[in-house]
Amino acid sequence: MGAAADDAAPRQGEAERGRGRAPAPGEREVKVVVVDEPPPAVARLQAQRPLEPLQVTTQAPPTPMTVASGGVDQPPPVANYQPAMRTPPPPLASLNSRVYTNQISLCLFLVHLLAAGLAVGFFVYRAVKDIVQHPRSHNARREESLLRQWLPPVEGAVALSIVLAFAWQKAVRAWPRTMVRVILWSGFGVTLAVGALLMCFSMPATVGLGVAMVVFSIGTGLYACWVTRRVGFTARVFEKAVQPVDKFRGLNGPAYLMVAAGFVWISVWCVAVIGAVNFRFPGLTILALVVSLAWTAEVMRNVANLTASRVIALYYLRGMQSSVQFSFQRALSYNLGSACLGSLFVPTIEALRILARGLNLLEGEDEFMFSCAHCCLNVMNAVFEYGNSWAFVHIAAYGRGFVQASRSTWLQFERLPGMPALADADITSSVCFLTGVTSGALCVALAGSWTFVTHKHYTATVSLMAFYVGYLMTRIGMALPQACVGCYFVCYAENPTSRLFDKTIPERLSKMQEGQEALAPTPRFPHQHVGAA
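Below is the structure:
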């Protein structure tokens, strides 16, 4: 028995050694057939569908076929397999930048505000001192007369402008499709009527102001006729853009605060103007106060614009419910420098651009003048890419500087075919501008009539001042609708596939590309050819 075990061991080792090698040419191929006896039921099934028995062989694998023999070459083995790496998406821009933007502009505005505050305080103190300490002096009697006859109509105009500002805003949010047409044509009708009223006062100064308002009303009417084809699209954009406002409670709060601050500042500023009348170089002093008030009021408007822009933009871009209070704090701190720079340059750039477009209409025989106007228009269009009102959306959302934000927004427009032309033809800013003009004209009707009855020779001055403050206060109140429309355009250009946008802009772009909804061409005066004598 031990010998049998000894004989089996060598055989098993030989068998194990034989498994790992291919059979030699002279060796015999051995096949082992394994047959298993299934149960009776399985046997009957196999009898119906017989299967070949499992065969286990020890032969070497067959030689692969070559191309010459009619086969296909096997692909070479991959030495170092590396899985395909997917390119990660670009990181999202930060929404909580802690950098103060445009710090030089911020410092200049703060210095200007400090100087303006000191000047206003000095002139108010001077006016009150003259009235109290020297009541019988010429300066005191003049300043007291101004306080009694000049200040109440102006303050009444400021109060009326506040009411009109929020009445315009409420009406635009409630009936956007109707109000676009109402604003365009009310700007024409109201300025024409107020201009005729001033001319009826029959004084040289009031007649001059009346003629200016009549000429402006004629231009407004021509503009309203020219943009008739854009009114429907603008009304639809207004309707869609102001819808998110109801989702954020207190979004109008910053505009209320800015209007209240503007009312206080303008009230004190009016008293300072009375004190500056008897100061050395009164004309230059009052002009400096007027420019200072314009910059300050524009900054107030853009602070309200930045607050609303951040809340609405984060809703469109990230679906976030941003805090209105936090956005207002950012607008007054980190983004205030950009607001100051934008407030200084955006009105200037847009005014020069409008002037260049107006000069470009004059195609006459003077080729030199026409080439200069065309060159100025191209320059202003190039500058517009680095300084435009669309920048306030990226300033509020990403905390960028004014120039960087202007460029980034315009580059986003350029990525979508037809979007720069659509954004350039937007009349939202013109509609908001005309609300200010209409409110200013109504303030002129109130203050001018009041002053004409009480103290006639102050009528022109009070009318001019009432128009100025009425326009500024209304523009501050209309910051919210304008910010909503800006966010609608810019955020669509950044994420056109968002479910928060409807087909308003895509349909307009497709119609523009197909030529069905071409923008109204700029009218030009024809050449005047002089016939030969």
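Counting in my numbering, the sequence shown runs from 397 upward without gaps.
Note that CB positions come from ideal geometry on N, CA and C, so glycine has one too.
None of the values given here were measured: they were computed from a predicted structure.
Is residue 869 helix, strand or coil by DSSP?
helix
Tell me where the alpha helix (DSSP H) around residue 506 begins and ends.
499-529
Measure the Cβ-Cβ separation of residue 881 and residue 690 and say whether it is below 7 Å.
no
Use the C-beta contact count for residue 422: other C-beta atoms within 10 angstroms, 16 or more gives buried, fewer gives exposed.
Note on residue 422: pLDDT 49, under 50, position unreliable in the model; the coordinate value appears next. Counting Cβ neighbours within 10 Å, residue 422 comes out exposed, since fewer than 16 surround it.
Within 7 Å, strictly: CB atoms of residue 650 and residue 700
yes
Residue 824 in three-state terms, based on DSSP:
In the three-state reduction of the DSSP assignment, residue 824 falls in the helix class, which pools H, G and I.
If distances are taken between C-alpha atoms only, which option among 864, 894 and 827 comes closest to residue 575?
827
Residue 902 - containing alpha helix (DSSP H), residue span:
900-910
Buried or exposed: where does residue 598 fall if 16 or more other Cβ atoms within 10 Å of its Cβ makes it buried?
exposed
What alpha helix (DSSP H) runs, 4 residues minimum, are completely inside the region 531-561?
534-545
Any idea if residue 910 is buried or exposed, counting beta-carbon neighbours within 10 angstroms, 16 or more meaning buried?
exposed
Pairwise C-alpha distance: residue 725 and residue 732
10 Å
4 or more residues per run - each alpha helix (DSSP H) lying fully within the region 831-881
855-873
Any non-hydrogen atom of the ligand FAD closer than 6 Å to residue 874 Cβ
Ligands in the displayed structure: none, and consequently the ligand FAD is not present.
Is it right to say residue 596 is buried, meaning 16 or more other beta carbons lie within 10 angstroms of its own, or is it exposed?
exposed
What residue range is occupied by the uninterrupted alpha helix (DSSP H) comprising residue 721?
720-728
Can you find the residues in the same chain that come closer than 7 Å, C-beta to C-beta, to residue 629, ignoring five residues on each side of it along the sequence?
904
Of the residues 780, 688 and 723, the one placed nearest residue 709, counting alpha carbons only
723
According to DSSP, is residue 696 helix, strand or coil?
helix
Have a look at 885, 843, 613 and 815 and flag the residue whose alpha-carbon is nearest the alpha-carbon of residue 582.
Comparing Cα-Cα distances from residue 582 to each of 885, 843, 613 and 815, the minimum goes to 613.
What residue from 554, 686 and 641 has the CA that sits closest to residue 837's CA?
554
Do residue 784 and residue 738 have their C-beta atoms within less than 7 Å of each other?
No, Cβ-Cβ distance for residue 784 and residue 738 is not below 7 Å.
First through last residue of the alpha helix (DSSP H) which encompasses residue 630:
Per DSSP, the continuous alpha helix (DSSP H) segment holding residue 630 begins and ends at 624-637.
Once you ignore the five residues that flank residue 560 on each side, which residues in its own chain have a CB closer than 7 Å to its CB?
835, 838 and 870
Decide yes or no for the touch test of the region 814-829 against the region 508-518: beta carbon pairs closer than 8 Å, at least 3 of them.
no
When the Cα atoms are used, what is the spatial distance from residue 791 to residue 719?
17 Å
Best match in 622, 538 and 497 for proximity to residue 670 [C-alpha to C-alpha]
538
Of the residues 704, 693 and 626, which one's Cα is nearest the Cα of residue 868?
Ranking 704, 693 and 626 by Cα distance to residue 868 puts 693 first.
So does the region 496-503 actually touch the region 796-814, counting three or more Cβ pairs closer than 8 Å?
yes
Proximity below 7 Å, CB of residue 935 to CB of residue 520:
Nothing can be reported for residue 935, as the shown portion of the chain is limited to 397 through 929.
Is the separation between the beta-carbon of residue 846 and that of residue 549 shorter than 7 Å?
yes
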